Every structure is written in structure tokens, then in C-alpha cells.
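K.L.:
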Amino acid sequence: MQLRSWTPSRRETMGLGLTAMLAAALAPHLVMATEEATAAELKKLYGDKPMAQGKIKLDLPEIAENGLVVPLNIDVESPMTEQDYVRAVHVFADGNPLPQVVTYKFTPQSGKAAASVRMRLAQTQNVVAVAEMSNGALFTAKAQVKVTIGGCGG
Amino acid sequence: MISRRDFVIAAMAAGMLASGARGAFAQAARSGKMTQDDILRFDPVGTLTILHTTDLHAQLAPIYFREPSVNIGVGEVRGLPPHLVDEAFLAYYKLAAGGPEAYSLTSLDFDALAGTYGRMGGVDRIATLVKAIRAARGDGNVLLLDGGDGLQGSWSSLQTKGEDMVRVFGALGTDAMVGHWEFTYGAARVQEIVEKAPFAFLAQNIRSVEWQEPVFEARKMFERGGAKVAVIGQAFPRTPISNPRWMIPDWEFGLREEDLQKQVDEARAAGASVVVLLSHNGFDVDRKLASRVKGIDVILTGHTHDALPAPVMVGLTLLIATGSHGKFISRLDLDVKDGKVAGFRYGLLPVFSDAIAPDPDMAALVKEVRAPYAADLGRVVGQAGSLLYRRGNFNGTFDDMICQAMLAERDAEIALSPGFRWGGTLLPGDPITFEAISNATAITYPACYRNMMTGQQLKDVLEDVADNIFTPDPYFQGGGDMVRVGGVGYAIDIGQPMGKRISELTYLKTGQPLDPAKTYAVAGWASVNQGVDGPPIWELLERYVAATKTIDITPTGSVKVSGT
Chain V
16 MQLRSWTPSR RETMGLGLTA MLAAALAPHL VMATEEATAA ELKKLYGDKP MAQGKIKLDL
76 PEIAENGLVV PLNIDVESPM TEQDYVRAVH VFADGNPLPQ VVTYKFTPQS GKAAASVRMR
136 LAQTQNVVAV AEMSNGALFT AKAQVKVTIG GCGG
Chain L
368 MISRRDFVIA AMAAGMLASG ARGAFAQAAR SGKMTQDDIL RFDPVGTLTI LHTTDLHAQL
428 APIYFREPSV NIGVGEVRGL PPHLVDEAFL AYYKLAAGGP EAYSLTSLDF DALAGTYGRM
488 GGVDRIATLV KAIRAARGDG NVLLLDGGDG LQGSWSSLQT KGEDMVRVFG ALGTDAMVGH
548 WEFTYGAARV QEIVEKAPFA FLAQNIRSVE WQEPVFEARK MFERGGAKVA VIGQAFPRTP
608 ISNPRWMIPD WEFGLREEDL QKQVDEARAA GASVVVLLSH NGFDVDRKLA SRVKGIDVIL
668 TGHTHDALPA PVMVGLTLLI ATGSHGKFIS RLDLDVKDGK VAGFRYGLLP VFSDAIAPDP
728 DMAALVKEVR APYAADLGRV VGQAGSLLYR RGNFNGTFDD MICQAMLAER DAEIALSPGF
788 RWGGTLLPGD PITFEAISNA TAITYPACYR NMMTGQQLKD VLEDVADNIF TPDPYFQGGG
848 DMVRVGGVGY AIDIGQPMGK RISELTYLKT GQPLDPAKTY AVAGWASVNQ GVDGPPIWEL
908 LERYVAATKT IDITPTGSVK VSGT
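Protein chains in written order, with the numbering used here: chain V, 16 to 169; chain L, 368 to 931.
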């Protein structure tokens with residue numbers, strides 16, 4: 016077969032298009048963290064202390080529009096009084112090279128235990144949040160975020 | 368207060384009796400032909416009529432459009448409408464084979480029935496129906512809503528960046544619209560359209576990236592038929608993933624269920640008797656959403672191009688599916704009593720172009736907006752030797768032609784073509800005009816690239832796209848049909864998880880398995896990346912068709928599907 020009227024430019028052969036998207040979205044060469052790595056980090060912080068579901072509202076897109084800046088809004092239910100407040104919130108991404116994303120520390124003066132951040136997600140994975148209450152109780156929540164190469168929109 | 372059971376019984380009695388399938392279609396079956404009066408015949412209820420058009424894809428003139436023969440439902444929606452095709456579809460809705468229903472709603476005997484019943488759609492025919500219904504019901508009692516993908520999909524819409532269709536929707540008297548492909552004209556153009564369009568452009572689910580502020584009006588209250596009707600807009604939530612994000616870099620989309628619930632509650636508080644979601648989510652997403660967001664009376668669905676002769680009910684929410692390309696319009700009469708919807712009657716009205724007299728004003732407008740491009744549109748490039756269609760979960764013959772063109776014109780070993788749902792059908796013997804080519808390719812990012820990819824990378828691409836379509840939770844689905852392939856075959860097991868669906872990748876030229884480590888020359892188009900180089904796909908396709916003269920495509924059978 017002969018190319019009839021088009022010569023690929025250097026730019027094209029550099030691999031724009033699907034190849035580039037793959038490299039960005041699927042990051043095939045990096046060693047990714049696992050659920051175990053996240054669990055190990057949590058164990059360092061809190062030992063084997065049990066964690067309950069609830070209290071934490073994780074607001075994340077089901078599918079990331081841009082894996083480089085995925086918006087996360089987090090809100091922990093608490094009266095935030097001297098007697099009962101949220102001491103810390105840890106966020107982990109269990110499919111990134113390093114699972115730790117961010118830790119927030121709160122005091123009763125914070126007024127509410129809420130925060131927003133944008134994080135990079137290398138691939139489809141779970142985002143895990145753990146909230147430590149002033150009485151030492153731990154709560155956790157998890158949400159999956161899909162990271163896709165996109166395209167082909169019907 | 369009416370109970371759910373009463374409502375459903377009343378609704379079914381009313382709805383089923385006059386649903387399009389049993390109205391116009393039944394009449395045609397009895398008389399042997401269908402007239403404009405048959406199509407319009409409708410026993411009205413209440414005082415409010417909602418008319419719905421969606422996914423016109425800028426088709427000004429009547430076309431052929433073959434419905435899919437493969438439309439797989441996964442998870443909870445397996446075997447449910449709209450994931451029924453052909454005989455199963457006819458059986459579910461108790462429709463006869465060989466008649467106007469089978470022709471317009473399935474792919475059965477498409478070539479032969481197309482000869483009998485002719486092309487469908489055409490905005491001048493739609494205008495005739497809309498005017499007649501407005502005249503019968505009274506202008507102040509009819510709300511006309513469009514579900515998006517109306518401004519893109521033809522040569523004249525691409526050349527005018529949707530201006531031709533803005534004028535058409537204005538002339539139709541469309542009250543509100545939502546968006547998806549509209550966004551591929553870029554943020555500035557969309558805002559320009561919104562500012563001057565004679566209809567509302569609604570989207571509750573788009574925010575500015577930096578400040579998370581609403582970009583568009585979320586909802587609008589209309590007073591029709593003596594009732595306050597709140598219309599909430601829902602843009603295609605995956606637009607920045609399925610289409611180039613760089614064209615709308617400052618906007619974030621998403622489903623935004625909680626914000627939607629707030630919109631519904633606010634609309635009720637503001638006195639709405641009827642709450643309508645004008646949606647471009649796609650049918651499965653809307654079905655799930657209807658079970659989670661409370662208080663929506665009607666969801667006018669779009670995006671997935673499904674045409675259903677009766678509404679699907681989720682609780683008390685009615686889901687309407689109006690098809691695509693102007694083949695149908697939906698008429699929904701609502702009986703509003705004591706500030707609530709108490710009953711309905713629904714009809715899916717088929718736009719048989721040979722049966723409906725074109726509205727002269729709209730016909731003149733169509734002629735005017737097409738005139739600057741008449742020479743291009745009419746240029747005959749070649750001929751269809753076999754049926755050329757696109758729609759379906761896997762390769763269609765129109766896309767096989769595009770893939771063959773890319774293999775030949777870009778000297779590639781493998782070709783990838785996007786799984787768009789839009790684009791007309793050509794019958795055997797039809798001329799392939801430049802218009803027919805552009806009806807399947809007219810996009811703002813048409814460059815046909817040529818890249819080197821390993822067999823493994825190709826498999827990863829197929830797995831990723833397959834997961835976007837066949838992952839069981841509709842909220843994690845995105846995009847259209849499966850990416851079309853040329854030069855390779857593969858097997859797909861729908862029921863497997865991501866990474867395990869695709870197997871038996873075969874390089875068709877040699878019949879050997881695709882080598883994961885070997886590098887192949889891959890041609891494709893519609894990349895969502897910025898700065899992609901290559902000739903526009905229509906240019907390449909025109910060259911290929913002109914050189915080939917008659918396009919004969921035997922469906923390859925190179926995609927083996929299991930796990931359905």
C-alpha cells in the first residue's frame with residue numbers, strides 16, 4: 016500500500032493520540048500502591064483499632080474528567096465542640112505510587128470538619144478516607160474513581 | 368391522594384391505548400398505508416402537551432437510519448428495554464413484523480422495508496407535526512423540548528458551527544434545549560449561541576473549574592396548559608471524557624445528583640406541578656437516576672438514541688425515549704390535577720417523510736441554510752454496493768468502510784474508528800454523496816492520525832473502551848458504542864471485569880495472533896487529544912470511495928461476542 020497524499024509529520028510519529036493518552040492515563044511503568052499499602056499506612060497510625068463506616072461524606076466524580084486534578088470534597092459529620100470534634104482526616108489513594116494524599120487536622124475552632132482538594136490519580140482506584148474523632152473513635156469511607164483514556168463519545 | 372397503584376393502572380390504560388404503536392401504527396396496518404392524519408391521531412388527555420425531539424444530529428433532510436441489531440444490556444438492565452432488538456423488541460411491544468413498526472424500530476428486513484416506507488425525519492416534516500399539534504391543543508398548552516445533539520452532525524452545521532440548526536430550532540418554537548456535541552464547538556461558541564438563541568439552554572450539571580459556579584441556567588419554569596412546569600436541564604455528564612476536554616477547559620461536568628435533587632425540591636417549592644428532567648444522560652443512567660432522585664415526573668431521555676413505543680416507569684417517574692435523527696417526535700399529554708400529575712397519554716410519532724407534507728416555511732429555511740453548501744452536499748463520490756450503516760455495539764458496515772479507507776490511505780496495519788451512534792444509513796445502490804460521508808464524520812476534531820502502537824497497547828485501548836460500555840453500573844459507563852477496528856479481529860466476553868474481556872486478538876492479514884510486544888502502524892480519527900495531525904477523515908474517505916467506486920462490505924464477523 017502507498018501513502019497517496021499524506022506524510023506523517025515528526026510530531027505525529029512522536030506518538031500523540033491514543034499512545035500518549037495511554038501513557039498518561041494508565042501509567043504502565045510505575046509500581047502502584049495496593050490496598051495492602053494503604054492498610055499498612057493506617058496500621059502505623061492507629062494499630063489494629065477497629066473502624067466504623069459512616070460520618071464521612073466523600074464527594075468524588077464516578078469517572079475522572081482529568082486524572083491529573085480529580086476534585087475531592089470531604090465532610091465529616093460532627094458537632095465540633097470541645098467535647099466532641101474531629102481531630103484528623105487522612106485521605107489515601109490505593110492505586111497511586113504512594114498511597115498518602117493528604118492529612119487534615121481540625122480543632123473545635125475549625126467550626127466544621129470539611130475540606131476540598133484536587134489530587135492526581137494514576138489509574139482507576141479507590142479513594143479511602145479515615146476520620147479520627149476526639150474520643151479516639153475511627154470512621155472510614157471509600158469510593159471508586161474511574162480513570163479512562165476517554166474518546167469515542169456517542 | 369392518588370396511590371402508586373392507581374396511577375400506574377390509570378396511566379397504563381391511557382398510555383397504552385394511544386401509544387404510538389397502537390395509534391398511528393395500528394391505523395397504518397389496517398389501511399395498508401400511513402397518512403399524516405394517522406400519525407397525528409391522538410385522543411388527548413388533560414390540558415398540557417409536552418413534545419420532545421432529541422439527537423437530531425443536525426439532519427435537516429429525511430434520511431434512512433437503521434436501528435441497531437446489537438444493543439447489549441449489562442447488569443440489572445440485561446434483557447430490558449432499550450436493550451432489546453429485532454424479534455425480541457417486536458415481541459416485547461407486541462408489534463408485527465414487516466410493517467412500519469418493524470421498519471422504524473428495528474433492523475429487520477431493513478433494505479426491503481426502506482423501499483416500502485421510505486426515508487424518515489426532515490425538520491420540515493417535524494415542523495408540520497408540531498404546528499398541527501399546537502393548533503389542536505392551543506399554543507399556550509404545548510411545551511417543545513429538545514434533548515441535545517441537535518446542532519452537530521452535518522456539513523452545514525459544522526461549517527456554520529451550529530448556526531443553521533439554531534435557526535431551525537428557533538423556527539420550530541423550541542422552548543428549551545440541553546447539550547453534548549454542542550460543546551465540541553468550543554466554550555466561546557456555546558456561550559455565543561446561548562446568549563442569542565431564542566430558546567433556553569439548560570444545564571444543572573456544569574460548573575466552572577476554578578470557582579465551582581454554575582455556568583448555565585439550571586432550570587426554567589414554564590406555564591402551559593394552566594400548569595407550572597419546571598424543566599431542569601442535564602448535559603451529557605461525560606462530555607470532557609468522551610469528547611475533547613481542551614475545547615471546554617474551564618468547565619466541569621458530572622452527574623451531580625445532589626444538586627439535581629436540590630433543583631427538583633426548589634422547583635416544587637416554587638409551585639411546579641410538573642417537574643421534567645430534560646436529559647442527555649443516556650437511558651440506563653436515567654433509569655438509575657430515577658430510582659435515586661425523588662420527585663421527577665418525567666425524564667425525557669437522550670444520548671443513547673433509543674426509540675421506545677411506550678414509556679418505562681421507575682416508581683412514579685416516566686422515562687420517554689424518542690430515538691434519533693428526527694425519525695420520531697414524542698407527544699406526552701399530562702393530566703394535572705391539584706398540583707400533581709394524575710395521568711398521562713403517550714405517543715411515539717413516526718416521522719415518515721413520504722406521508723407528511725413539508726411545512727413550507729421550514730422547507731424554505733432548510734433550502735436557505737443548505738444553499739451555500741449545495742454543490743458539496745450533492746457531489747456524488749461513489750456508490751453503495753451493499754447496505755452501509757453504523758449503529759450497533761460493534762462494527763457497522765459504514766465504519767468498516769471508514770476503517771478500510773484509513774488502512775489504504777494512511778498505509779496502516781490497523782485502523783480504529785470511534786463508536787459514534789450517529790450517522791445515516793445508505794441502501795444498496797444509493798449514491799455515496801459527500802453529504803452522506805459528512806453525515807457520519809462532520810466533527811470539529813476530524814484529523815486522521817497515524818501512530819505506532821504495540822499489540823499490548825492496542826489491547827489496553829480495547830479493554831478501556833469496552834469497560835466504558837459494559838461495566839455493569841451505568842454511572843461508571845461513558846461514551847458511545849465500542850471502538851470500531853480494521854485489520855484486526857478479537858473476541859470479547861462482556862461479563863468479565865476490566866482487563867479480562869478482550870482475547871484472541873488476531874492480525875487479519877496473516878491470521879496470526881497479535882504480538883503484544885510488536886509495534887504496528889495504527890490509523891485512527893477523532894482523538895480527544897489536542898494538536899493531533901492528519902488530514903480530515905472526510906477528505907480521506909472521499910478519496911477512498913472515489914478510487915473504489917462501488918463499496919461492497921460483507922460484515923467481517925471478526926468480532927466474536929460472548930457473555931451476553
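In this text, a Cβ means the ideal position worked out from N, Cα and C, and glycines have one as well.
Keep in mind that this is a model prediction, so the values were computed, not measured.
1. Comparing the C-beta of residue 49 of chain V with each C-beta of chain L, is any distance below 9 angstroms?
2. Please confirm if residue 648 of chain L has its CB atom under 9 angstroms from at least one CB of chain V.
3. Does the distance from the C-beta atom of residue 449 of chain L to that of residue 617 of chain L stay below 9 angstroms?
4. What do you get for residue 94 of chain V, buried or exposed, if any count of 16 or more other CB atoms within 10 angstroms of its CB means buried?
5. Could you pull out every residue in the same chain whose Cβ sits closer than 6 angstroms to the Cβ of residue 442 of chain L, ignoring the five residues on either side in sequence?
6. Could you give the C-beta distance for residue 598 of chain L and residue 539 of chain L, rounded to a whole number, given that I count them as a contact under 8 angstroms?
7. Look at the alpha carbon of residue 975 of chain L and the alpha carbon of residue 437 of chain L, and state the distance between them as a whole number of angstroms.
8. Closest Cβ-Cβ distance between residue 607 of chain L and chain V: below 9 angstroms?
9. Under 7 angstroms Cβ-Cβ, which residues of chain L neighbour residue 164 of chain V?
10. Along chain V, which residues have their Cβ under 8 angstroms away from the Cβ of residue 619 of chain L?
11. Look at the Cβ atom of residue 833 of chain L, then the Cβ atom of residue 927 of chain L, and state whether they are nearer than 9 angstroms.
12. Measure the alpha-carbon distance for residue 619 of chain L versus residue 584 of chain L and round it to whole angstroms.
13. Check whether the Cβ of residue 921 of chain L lies closer than 9 angstroms to any Cβ atom in chain V.
14. If you follow the beta strand (DSSP E) that residue 140 of chain V is part of, which residue opens it and which one closes it?
15. Shorter than 9 angstroms from the beta carbon of residue 58 of chain V to some beta carbon of chain L?
16. For residue 436 of chain L, decide whether its Cβ has a neighbour in chain V, counting only Cβ atoms nearer than 9 angstroms.
17. Between which two residues does the beta strand (DSSP E) carrying residue 710 of chain L extend?
18. For residue 897 of chain L, count neighbouring C-beta atoms within 10 Å of its own C-beta (all shown protein chains included) and say buried if the count is 16 or more, exposed if not.
19. Could you pull the start and end residues of the alpha helix (DSSP H) that residue 436 of chain L belongs to?
20. Counting along the chain, where does the beta strand (DSSP E) carrying residue 871 of chain L start and finish?
21. Less than 9 angstroms between CB atoms is the rule here; does residue 612 of chain L satisfy it with respect to chain V?
22. Is the CB-CB distance between residue 602 of chain L and residue 650 of chain L below 9 angstroms?
23. List the DSSP bridge partners of residue 90 of chain V.
24. Let me confirm a value: residue 846 of chain L is counted as buried when at least 16 other C-beta atoms fall within 10 Å, else exposed. Which label applies?
25. Using the C-alpha atoms, what's the distance from residue 100 of chain V back to residue 124 of chain V?
26. Cα-Cα, which of L/850, L/542, L/699, L/400 is closest to residue 587 of chain L?
27. Between residue 537 of chain L and chain V, is the shortest Cβ-Cβ distance under 9 angstroms, so that the two count as touching?
28. Are the stretch 658–671 of chain L and the stretch 637–645 of chain L touching, with three or more C-beta to C-beta distances below 8 angstroms?
29. Can you tell me whether residue 918 of chain L is buried or exposed, with buried defined as 16 or more other CB within 10 angstroms of its CB?
30. Only counting the same chain, and skipping five residues up and downstream in sequence, which positions put a Cβ closer than 7 angstroms to that of residue 749 of chain L?
31. Helix, strand or coil for residue 737 of chain L per DSSP?
P.N.:
In this structure, then:
1. no
2. no
3. no
4. It is exposed - the Cβ of residue 94 of chain V has fewer than 16 other Cβ atoms within 10 Å.
5. Closer than 6 angstroms at Cβ, skipping near neighbours: 839.
6. The pair is not a contact, with the Cβ atoms about 16 angstroms apart (cut-off 8 angstroms).
7. This structure cannot speak to residue 975 of chain L, because chain L is shown only from 368 to 931.
8. Output row for residue 607 of chain L: interface = yes.
9. 828, 831
10. Under the 8 angstroms cutoff, chain V gives 80, 86.
11. no
12. Between residue 619 of chain L and residue 584 of chain L, the C-alpha separation is close to 15 angstroms.
13. no
14. 140–148
15. no
16. no
17. 707–717
18. Counting Cβ neighbours within 10 Å, residue 897 of chain L comes out exposed, since fewer than 16 surround it.
19. Looking at the DSSP string, residue 436 of chain L is not in any alpha helix (DSSP H), and its letter there is neither H nor E.
20. 869–874
21. yes
22. no
23. Per DSSP, V/72, V/129.
24. buried
25. 10 angstroms
26. L/542
27. no
28. yes
29. buried
30. For residue 749 of chain L, where only same-chain residues beyond five positions count, the Cβ hits under 7 angstroms are 799, 912, 913, 915, 916, 917, 918.
31. Here DSSP, grouped into helix, strand and coil, assigns residue 737 of chain L to helix.
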